[in-house]
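To keep things clear, I will list the structure first and then write my remarks on it.
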Amino acid sequence: MSASTTKPPASPSGLTLFKKLWPMARPDGHLYVASLVSAPLLVALNLAQPYLLKVAIDDYITVGKLDGLQTVALQYLATVILGFVLNAVFGLATAVAGQRLIRRLREAILKHLLSLSPAWFDTRPAGELLTRGTSDVEALGETVSSGVVTIVMDVLIVFATLAAMLWLDWRLTLCLFLLAPPLVGVIEICRRGLRKHFNGMREGISAVNSYLAERVSGVEILQLFSAEDASSRRFRALNRPYAESTIRSNVYDALMYAAVDGVGSVAFALMLWYATSSFGVGVSAGLLVAFIEYVNRLFTPLKEFSGKIAILQRASTALDKIFSLLDETDHIPSGALALPKPTGSVRFEDVRFSYKPGPPEADILKGVSFEVKPGQVVAIVGATGCGKTTVTRLLSRTYAGYRGSITLDGVELSALRLSDVRRAVASVSQDVQIFPETVRFNIGLGDPKLTDEKLMSAAELVCADTLIRGLPGGLDEPLKERGGNLSVGEAQLFTFARTMAYDPTVVILDEATASIDPVTERLIQHAIERILAEKTVIVIAHRLSTIQAADLIVVMHQGEVSQMGTHEELLARGGRYAELHDAGFSS
Amino acid sequence: MSSPAAPPPPPTPSVWTTLARFTRRYVLRYWVWFAAGLLFLLGTSWLAVQIPLELARGIDALRQTGDLDAVRRSAVTIAWMGVVLIVVRTLSRVLFFTPGRLLEYRLRTDLFAHVITLQPSFFASHSPGDIINRASSDLQFVRAMVGFGILQVFNVVATVALTGQEMFRISPSLTALSLAPVLLSLIVVQAGINRFFTLSNQAQQQLGRVSEHLLASLQGVRTIQGFNAEGAFLERLRERDLLYTETNLKMAWVRTIVMPLLPIATTVSVYLLIAVGGPMAVAGQLSVGQIVAFVAYIGSLLFPLRGLGFMVTVFQRGFNSLERIDELLYAVAEQPEGPSPAAPPARLAAIELHDLKFAYPDAPEKAVLRGLTVNLPAGKILGVYGATGSGKSTLLRLLTRQRNPEPGQILLRGEDGQAVDLTAISLNEWRRRLAVVPQVPFLFSESIEQNIAMGEPDPARLTRAVRRAALEADLGALPEGLKTTVGERGIMLSGGQRQRAALARGLYRDFDLLVLDDVLSAVDQKTEQQLIQTLLELTAPGPDGRRPTVILVSHRLSALARADKVIVLREGGMADFGSHEELLRRCAVYQEAWSQQQEQAAAEPAAAEVAS
């Protein structure tokens, strides 16, 4: 869990957030201007309608004057049509702006995430980061399309309507103000109740759904261990609080809806009463009609106001989270030197490294030195925790901050351009990564220069070609998330093919230890032999055949190189390698 | 692992059967709520009509007679009506919506209780995602249909009937004229709503693809960076996002151009009221108060009519969803044992396979097991060896009845010499005597002890199971030992720890038959041998002379070497059956695998530690 979820985030002011967001909204400035210009016009048209109605009733219908009534009626119709057009302009402008903002934000988030160091991801659950790119971005887009701008509009409507009412009859308007306190009170009570139960509902449904998902996924285990009844009881218990919150929140929801609606009727009564008072002598039928209409216009935004405030709050939380993600700076530093044609000579000299700051004794690597000449195969062996994986991580620039010297083609690794290092060195890890895309994309990773022929010849090199031809869609076959429709061994072959298609100078190979069926195992063994023959390879080896084929074996022990040499030399010399070797035979 | 599909789907019931069944079992239960709700709804509609009428009376009194007392009486009446309206409307909504929620609760818990009793053949054709969808969003649609939908039907009918009638009484021609634009717009708006929901489904799917891509990018960040593929992944995101936002924009068009047509139509009605009703009033055909009432009526029709469009959609979706839920709720569980199952033998002497054949329903022509005949003695450790696809897992599934074999192909012979067909015995009874540790350990996001006990934990048994599964050392390293919550699918634990926890779950219960499906793949050789030792102890006769049987599937022959007998499977048939020594002498497949693994083991001193 990141710190931001454990302690309540300090909410930065809306203005700061807005300033940060503005650069992304800026290209659509004209759209925001269009909506901001159309909003007051729209409000004005809206307010003109009840007034025209009043004019029609008082100045024409009541006094029996037909001449000019049609003109007023047509004016009314004109406000209707113009209002429709303006509403469309307003709605579309905000929608387009909102959608574009969504796209830009999402792209910025992925781009930024992809630039962060892999270590940064170790402590962040992917699911949580995904929320930044999906629901948080959506919440923001929603705000732009229907939140901020319509809130502005609602506020305009409320104030403009009040102004119009005050202008028509200020005493009557003030009289209607009497209704405001009870209404606001009821709305506030409902809002609090809704908010309280809304949280209960959200937590309740998410508990219900995750329990459901998990039990259905593990249904075989439930059945094999006769836990069906216990699960059903638990599920019922989880559902109860959710059902209760929904039922309670319904009461508030219904009351709020009914109160806003009913208070309009009470307002009618108040107006009629006012008309009979000494102040109301001049109150005409038209004025009453206009006021009825205005009161309706006044209450509708009030009904939706709390919902919109909630949208705004959600958006500002989302924005805050998104920006704190975009502010992360844990990048692997890139050097400036280019490495156009690497030959693949690698040299480690007294390399020391620790994942966490601490005393030198706690270092994972305590002065590692070895050299790999172009075309060579170097095998690193040693027990878990000896530092062999760390060596490969430093070379592939997955981690930065080593001491000592690591050179590629004689140039210090940290001085080289990051993308050039990654162009020259590629690793095949045990953690096989298959993307939910086609086979073609999984092997070529979207590189447009890699034609189908090139992809297939890379696949052929590592014995993956028959596998691809055997798939119904061939290269177009869609693969499932994490290689769901492949066996572990098959997925491994695809990642070999990916590496060969990428054609790096140096390959870092971490041999898998997963149990793989004998047929695929033979294919993989064959593929590894081909890679060893083709490339400069640093391999974390588990297979005897691989170790024997190495030009140099580096035996590591507790962060240091304890022995170096070929298989025969090391066996002859005795010591740790020979021990490991013998232990292997006897077990 | 192959994913077999369901047996041929049972004939789909008609919509009416579904609806009738649903109404009887769920809706009618709440008829009192609905009846009371209807009563208050009628009250609401009646008041909503009376208020404008009283208003018209008041205005006319004010203008024509100048009878201020009459006006004040109207005002008081309206105020009362307004207050009563608030109460009555609140009650009508609560009375309609509450049974919807209660029904949702009942339906969801029933659905869950039923679904988890269904066989794997059912889950093969219904993915967890699909089931969750039906239990969440489909259920919401059904609830909306029952609560909101029914309320709207009555609301629209009552409001339109009462208001329309009142308007018609004032002026038939004006009623026709002012309702015409509203009705016209309704047709267009309905089309818009349908389009909107189609688009909204499409947008959901497109958003799903966007988020799938984001997730894959996050999980594959090392690969993407290592292969300089950031650009390609951003480009993919752009493509998918563009599709999604374009659909959203299409929705915005419907929302801003089509949906406002209804409120616009009501303002057009007001225009007609001035243009046509004005001259009528001047001619004395109707009063100014009546014009005011008309304006109010048109306004009060707006909300129910706007709801009408959604109501049609709510019912369409509700029916669809109901059918999808019905399919799960009435899915039939396979029950070859019939209503009166036999009891399994009290003491097992042997499990006999007689020409055991099996093919998954989705590929009936592809025999996974093609005739196994073997007598498996009880009280022994029986190894199963074979390559991927040789039928090992299928054999286990049949023994545990996760799949049902044909009758007569698997017999359980008791020590009394009586044989019972596996498919004739009570499934619950059989499962209580089994312990299974699957190949891929599945842990629930609960504490380790809950995962092991799968019910109320018993301390003594827990300790025993933890020791036997070699989980003790792991527990010491976890923050809360046995009480540690393991996270979704056991994410807090390492692969080896998950495997051992699942093993402890199997060893927790008393069993006659323990099935271990390739559980030794992720442990080092020392642990492996330790576990084999435990198994040997387990199969030693207990105080009552009971001897449990262990079936051990493994790729690793070092584990099988100490089994009493090993079945070697090859492409669904039995290649051989014998002790380790016998097989090394005479079984070519076994010999080849043995020498290959011996060579590998030699090179793997470190590998074993990596995996642990």
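Sequence order for the protein chains is Z and F.
Residue numbers in the first sequence follow this note's numbering, run continuously in steps of one, and reach 587 at the last position.
Residue numbers in the second sequence follow this note's numbering, run continuously in steps of one, and reach 1612 at the last position.
Ideal placement from N, C-alpha and C gives every residue a C-beta, glycine not left out.
Collapsed DSSP secondary structure at residue 993 of chain F in the structure displayed:
Only positions 1001 to 1612 of chain F appear in this structure, which leaves residue 993 of chain F out of reach.
So is residue 1031 of chain F buried or exposed if we call it buried at 16+ other beta carbons inside 10 Å?
Counting from 1 along the second sequence, the entry for residue 1031 of chain F is found at position 31. By the neighbour-count rule (16 or more Cβ atoms within 10 Å), residue 1031 of chain F is not buried but exposed.
Burial state of residue 30 of chain Z, where buried means 16 or more other Cβ atoms lie within 10 Å
Position 30 of the first sequence, counted from the first residue, corresponds to residue 30 of chain Z. Classification of residue 30 of chain Z: exposed, given that the 10 Å Cβ count is below 16.
In chain order, what residues of the same chain have a beta carbon less than 8 Å from the beta carbon of residue 242 of chain Z, not counting five sequence neighbours either side?
Residue mapping note: residue 242 of chain Z aligns to position 242 of the first sequence, counting from 1. Excluding positions up to five away in sequence, the list reads 200, 201, 204, 205, 207 and 208.
Looking at C-beta atoms only, is the number of pairs between the region 1109-1121 of chain F and the region 1065-1081 of chain F that lie closer than 8 Å three or more?
no
Close Cβ partners of residue 97 of chain Z (< 8 Å) along its chain, the five nearest in sequence each way excluded
Translated into positions along the first sequence, residue 97 of chain Z becomes position 97. Once the five neighbours on either side are set aside, the close Cβ partners of residue 97 of chain Z are 25, 28, 31, 32, 35, 144 and 145.
Using only CA atoms, which one of Z/553, Z/567, Z/57 and Z/40 lies nearest to residue 1294 of chain F?
If you number the second sequence from 1, residue 1294 of chain F lands on position 294. Answer by Cα proximity: Z/57.
Which residues share a DSSP beta bridge with residue 282 of chain Z?
Taking the first residue of the first sequence as position 1, residue 282 of chain Z is located at position 282. Beta-bridge pairing links residue 282 of chain Z to no other residue.
Put residue 1201 of chain F into one of helix, strand or coil per three-state DSSP.
Stepping through the second sequence from its first residue, residue 1201 of chain F is reached at position 201. Reduced to three states, the DSSP call for residue 1201 of chain F is helix.
Cβ neighbours of residue 1356 of chain F in the same chain (closer than 6 Å, five flanking residues each side left out)
Within the second sequence, numbered from 1, the residue matching residue 1356 of chain F stands at position 356. Contacts found: 1369, 1372 and 1409.
Closest Cα partner of residue 1038 of chain F within the set F/1052, F/1076, F/1053 and F/1094:
Residue mapping note: residue 1038 of chain F aligns to position 38 of the second sequence, counting from 1. Of F/1052, F/1076, F/1053 and F/1094, the residue nearest in Cα terms is F/1094.
Going by the beta-carbon positions, is the gap between residue 559 of chain Z and residue 413 of chain Z smaller than 8 Å?
Taking the first sequence and counting its residues from 1, the one referred to as residue 559 of chain Z is at position 559. Taking the first sequence and counting its residues from 1, the one referred to as residue 413 of chain Z is at position 413. The answer is no: Cβ separation not under 8 Å.
Is residue 257 of chain Z close to chain F? Criterion is C-beta to C-beta, closer than 8 Å.
Walking along the first sequence from the start, residue 257 of chain Z turns up at place 257. For residue 257 of chain Z, the answer is yes, since a Cβ of chain F falls inside 8 Å of its Cβ.
If you count every other CB in all the chains shown that lies within 10 Å of the CB of residue 1034 of chain F, and 16 or more means buried, which is it?
On the second sequence, residue 1034 of chain F is found 34 positions in, with the first residue counted as 1. Burial call: buried.
Nonlocal neighbours in the same chain, by C-beta distance under 7 Å from residue 1018 of chain F, ignoring five residues either side
The residue labelled residue 1018 of chain F in the question sits at position 18 within the second sequence. Around residue 1018 of chain F: 1322, 1323 and 1326.
With a CB to CB cut of under 7 Å and the five nearest residues on each side skipped, what residues in its chain are close to residue 1547 of chain F?
Working through the second sequence from its first residue, we reach residue 1547 of chain F at position 547. So the list reads 1378, 1379, 1539 and 1541, once near-sequence residues are dropped.
Kindly say whether residue 1571 of chain F, judged by its beta-carbon, lies nearer than 8 Å to any beta-carbon of chain Z.
For the purposes of this step, residue 1571 of chain F is taken as the residue at position 571 of the second sequence. It does not; no Cβ of chain Z falls within 8 Å.
For the candidate residues Z/461, Z/326, Z/197 and Z/163, whose alpha-carbon lies nearest to that of residue 105 of chain Z?
Within the first sequence, the letter at position 105 stands for residue 105 of chain Z. Among Z/461, Z/326, Z/197 and Z/163, the Cα nearest to that of residue 105 of chain Z belongs to Z/326.
So the alpha helix (DSSP H) residue 239 of chain Z belongs to, where does it begin and stop?
For the purposes of this step, residue 239 of chain Z is taken as the residue at position 239 of the first sequence. Element bounds for residue 239 of chain Z: 228-276.
Please list, in chain order, the chain Z residues whose beta carbon lies closer than 7 Å to that of residue 1105 of chain F.
Walking along the second sequence from the start, residue 1105 of chain F turns up at place 105. Those are 239 and 243, listed as they occur along chain Z.
With DSSP as the reference, identify every bridge partner of residue 116 of chain Z, one or two as the case may be.
If you number the first sequence from 1, residue 116 of chain Z lands on position 116. Z/331, per the DSSP bridge assignment.
Report yes or no: is there a C-beta of chain F within less than 8 Å of the C-beta of residue 69 of chain Z?
Reading the first sequence from its first residue, position 69 is the one you call residue 69 of chain Z. Chain F, which has a Cβ nearer than 8 Å to the Cβ of residue 69 of chain Z, makes this yes.
Find out if the Cβ-Cβ distance for the pair residue 133 of chain Z, residue 1214 of chain F is shorter than 8 Å.
One-based indexing of the first sequence puts residue 133 of chain Z at position 133. One-based indexing of the second sequence puts residue 1214 of chain F at position 214. Yes, these two residues count as a Cβ contact at 8 Å.
Just to confirm, are residue 1589 of chain F and residue 1551 of chain F a CB contact at a threshold of 8 Å?
The residue given as residue 1589 of chain F occupies position 589 in the second sequence. The residue given as residue 1551 of chain F occupies position 551 in the second sequence. No, these two residues do not count as a Cβ contact at 8 Å.
Taking only beta-carbon positions, decide if residue 1413 of chain F is within less than 8 Å of chain Z.
Counted from its first residue, the second sequence places residue 1413 of chain F at position 413. No - not a single Cβ of chain Z is within 8 Å of the one on residue 1413 of chain F.
With H, G and I counted as helix, E and B as strand and the rest as coil, what does DSSP make of residue 204 of chain Z?
As a working note, residue 204 of chain Z is residue 204 in the first sequence. Note: residue 204 of chain Z maps to helix in three-state DSSP.
Would residue 1557 of chain F and residue 1593 of chain F be called neighbours here (beta carbons separated by less than 8 Å)?
Indexing the second sequence from 1 puts residue 1557 of chain F at position 557. Indexing the second sequence from 1 puts residue 1593 of chain F at position 593. Against a cut-off of 8 Å, the Cβ pair of residue 1593 of chain F and residue 1557 of chain F comes out as a contact.
If residue 1517 of chain F and residue 1405 of chain F are in contact, beta carbons under 8 Å, what's the gap, nearest whole angstrom?
On the second sequence, residue 1517 of chain F is found 517 positions in, with the first residue counted as 1. On the second sequence, residue 1405 of chain F is found 405 positions in, with the first residue counted as 1. Their Cβ separation, rounded to whole angstroms, is 17 Å, which puts residue 1517 of chain F and residue 1405 of chain F out of contact at 8 Å.
C-beta atoms of residue 269 of chain Z and residue 1075 of chain F nearer than 8 Å
By one-based count along the first sequence, residue 269 of chain Z stands at place 269. By one-based count along the second sequence, residue 1075 of chain F stands at place 75. Going by C-beta atoms, residue 269 of chain Z is nearer than 8 Å to residue 1075 of chain F.
Comparing alpha-carbon positions, which option in Z/66, Z/73, Z/95 and Z/193 lies nearest residue 1250 of chain F?
Stepping through the second sequence from its first residue, residue 1250 of chain F is reached at position 250. Checking every option, the nearest Cα to that of residue 1250 of chain F belongs to Z/95.
DSSP state of residue 1114 of chain F mapped onto helix, strand, coil
The sequence position of residue 1114 of chain F within the second sequence is 114, counting from 1. It is helical.
Three or more beta-carbon pairs under 8 Å between the region 1301-1318 of chain F and the region 1332-1346 of chain F, yes or no?
no
Could you pull out every residue in the same chain whose Cβ sits closer than 6 Å to the Cβ of residue 1112 of chain F, ignoring the five residues on either side in sequence?
Stepping through the second sequence from its first residue, residue 1112 of chain F is reached at position 112. Counting only Cβ-Cβ distances below 6 Å, and skipping sequence neighbours, we find nothing.
Taking the C-alpha atoms as reference points, what is the distance between residue 581 of chain Z and residue 537 of chain Z?
As a working mapping, residue 581 of chain Z is identified with position 581 in the first sequence. As a working mapping, residue 537 of chain Z is identified with position 537 in the first sequence. So the alpha carbons of these two residues sit roughly 22 Å apart.
With DSSP as the reference, label residue 65 of chain Z as helix, strand or coil.
As a working note, residue 65 of chain Z is residue 65 in the first sequence. DSSP places residue 65 of chain Z in coil when its eight states are reduced to three.
Closer than 8 Å, CB to CB, is residue 1257 of chain F near chain Z or not?
For the purposes of this step, residue 1257 of chain F is taken as the residue at position 257 of the second sequence. At least one chain Z Cβ lies under 8 Å of residue 1257 of chain F.
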